[in-house]
Amino acid sequence: MTKVAVLVGSLRKDSINRKFAQGLEKLAAGKLEFVYADLASLPHYNDDLWENPPEAVTELKATIDAADAVLIVTPEYSRTYPGVLKDAIDWAARPWGKNSWGGKPLAITGASPGAIGTAIAQHQLRTTMVAVGTAVMGQPELYYAFKPEHYDAGGAITDEATKSFLEGWLGSFADWIAKTGK
Ligand SMILES: Cc1cc2nc3c(=O)[nH]c(=O)nc-3n(C[C@H](O)[C@H](O)[C@H](O)COP(=O)(O)O)c2cc1C
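Mapping the sequence shown onto this note's numbering, position 48 (from 1) lands on 86, and the numbers just tick up by one.
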């Protein structure tokens, strides 16, 4: 099955972005396998640490290297994406010559409680992910206004119109991986 490394840009336990990622995972079951990267243990980027790389860094790179594609689910913080994601992106792009991002098919989405659905954060993240060499899916875009009433107790998305829209988006991502992946 197609393996997707998933980076969620929020560390808090009740994160709507994590809940959204898990909702997508359930909708993609049988087609895409989600493997969640652990960003909580990553230090801030520091070039000096490559002398003895922290385990969280080597694990992050291994998770991305082993995946067929990457999905980033980002919150919007102060009209951009969170610092924890930027650190993860920079760690995985290094050391020089060992960029884990190079050529990886990638999709970006994100959830906010408000109507804007992380649109500004996603646009900034898109620029960064082009710069590190991923094959970013341009369309369709997915700006997600989180509605808790659309989820059941097990975390599955139950609203039919939302489900059908998200299944279409996941299908486009699967097609993008098939078209641009190795
Ligand atoms: C530091 C900070 C900055 C935020 N800035 C924005 C913002 O610019 N736009 C927005 O829509 N929501 C903003 N929010 C609200 C987040 O969308 C909301 O807290 C969301 O639940 C965060 O995602 P999470 O639940 O996955 O942690 C901000 C929240 C925090 C903590």
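Backbone N, C-alpha and C define an ideal beta-carbon position, used for all residues, glycine too. This one's a predicted model, so the numbers in the text were calculated from it and none came from an experiment.
Neighbour-count burial assignment, residue i, 16 or more Cβ in a 10 Å radius
i	result
Thr101	buried
Gln177	exposed
Trp134	exposed
Ser150	buried
Arg164	buried
Pro143	buried
Thr166	buried
Arg50	exposed
Rounded straight-line distance, which links the Cα of residue j to that of residue i
i	j	result
Ala126	Glu187	32 Å
Ala183	Pro91	38 Å
Lys64	Leu87	37 Å
Gly121	Glu198	34 Å
Ala105	Ala59	16 Å
Val170	Asn137	8 Å
Leu98	Arg132	11 Å
Ala94	Asp76	7 Å
Gly152	Thr40	32 Å
Ser210	Thr96	30 Å
Beta-carbon spacing of residue i, residue j below 8 Å
i	j	result
Met175	Trp139	no
Ile110	Ile146	yes
Asp128	Tyr83	yes
Gly141	Ala173	yes
Gly61	Ala194	yes
Ala212	Leu70	yes
Residues bridged to residue i (per DSSP)
i	result
Gly148	Tyr181
Glu71	Lys41
Cβ distance (whole Å) where residue i is taken to contact residue j below 8 Å
i	j	result
Thr112	Gly47	4 Å
Tyr189	Gln160	Contact flag wrong, Cβ pair sits at about 22 Å.
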